[in-house]
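Participant:
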Amino acid sequence: MGTGVTAELSAFSAGLRLDALPPEVVARARFLVLDLVGNIVRARHDAESTDSFLAAARALGMAGGSAGVFGDAARYTPAGAALLNGALAHSLDFDDTHAAGSLHPGAPVIPAALAAGEMAGAAGADVLAAIVAGYEVTCRVALALPAGAHYDRGFHPTATCGAFGAAAAAARVFGLDAAEV
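In the working numbering, the protein residues as written are -5 to 175.
#1: Around the C-beta of T152, are 16 or more other C-beta atoms found within 10 angstroms, so that it is buried, or is it exposed?
#2: I need the DSSP call for D45, collapsed to helix, strand or coil.
#3: Near S85, which residues of its chain fall below 6 Å by C-beta distance, leaving aside the five closest residues on each side in sequence?
#4: Ordered along the chain, which non-local residues of its own chain (more than five positions away) have a Cβ less than 7 Å from that of F64?
#5: Alpha carbon to alpha carbon, what distance is there between A73 and L122?
#6: Tell me the DSSP secondary structure of L97 in three-state form.
#7: Which two residues bound the contiguous beta strand (DSSP E) that contains Y176?
#8: Return the CA-CA distance between A173 and A165, expressed in angstroms with no decimal places.
#9: Could you have a look at G159 and say whether DSSP puts it in helix, strand or coil?
#10: Give the DSSP-derived three-state secondary structure of H39 in the structure shown.
#11: Start and end of the alpha helix (DSSP H) containing G128?
#12: When you compare each of L54, D45, E112, V103 to C133 by their alpha carbons, which one comes out closest?
#13: How long is the line joining the alpha carbons of S46 and A143, rounded to whole angstroms?
#14: Quick one: measure Cβ to Cβ for S7 and V131, integer angstroms, because I've assumed they're closer than 8 Å.
#15: Find out if the Cβ-Cβ distance for the pair D61, Y70 is shorter than 8 Å.
#16: Can you tell me whether A143 is helix, strand or coil according to DSSP?
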């Protein structure tokens, strides 16, 4: 395995155990999942962007899989469910905020962890540990960037930093070790 920030974040996310976390961290993670699911369900039925999201998922061949989107009876591919749940989570802009990183970590992290959990048949505790790992990676990457660096270039840290956290969360669910991450 290499050295540096990538190796450090990979080792952290692969090795994180739910039973080693303070109870208040576990409670907060559970709350954040419930809050995000509420945002997704509301957006699925009330956001103006929902029809476009669903049409795009169908056009990309993401409909008809084995994974769920909250508030929707249809099934999608795991990637489609993660994409739709993430897009819906942020579409009403009521999702969680990490002010110091200027991002919404739950929108990319939680849907990725849940879709991976469905694929792997993972236990809830493993998915929750993955979510905590994904949040930490997302926020750490965002904090490492100069203020405004993304916005000045037309990007949003939720997407760019969140991709690292989503990958870390999914890798944790799948049980990848630090070298595989």
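Just so it is clear, CB atoms sit at the ideal spot from N, CA and C, and this is done for glycine as well.
Facilitator: In this structure, then:
#1: buried
#2: helix
#3: Cβ neighbours of S85 beyond the five flanking positions: A37, A41, S43.
#4: Cβ-Cβ distances below 7 Å link F64 to V31, I34, V35, R38, N79 in the same chain, with the five nearest sequence neighbours on each side left out; the list follows chain order.
#5: 19 Å
#6: strand
#7: There is simply no residue 176 to check, as the chain begins at -5 and stops at 175 in what is shown.
#8: 11 Å
#9: helix
#10: helix
#11: 118 to 137
#12: V103
#13: 29 Å
#14: 6 Å
#15: First, the residue type needs correcting, since residue 61 is Ala and not Asp in the sequence shown. Yes. Within cutoff.
#16: Here A143 sits in coil by DSSP.
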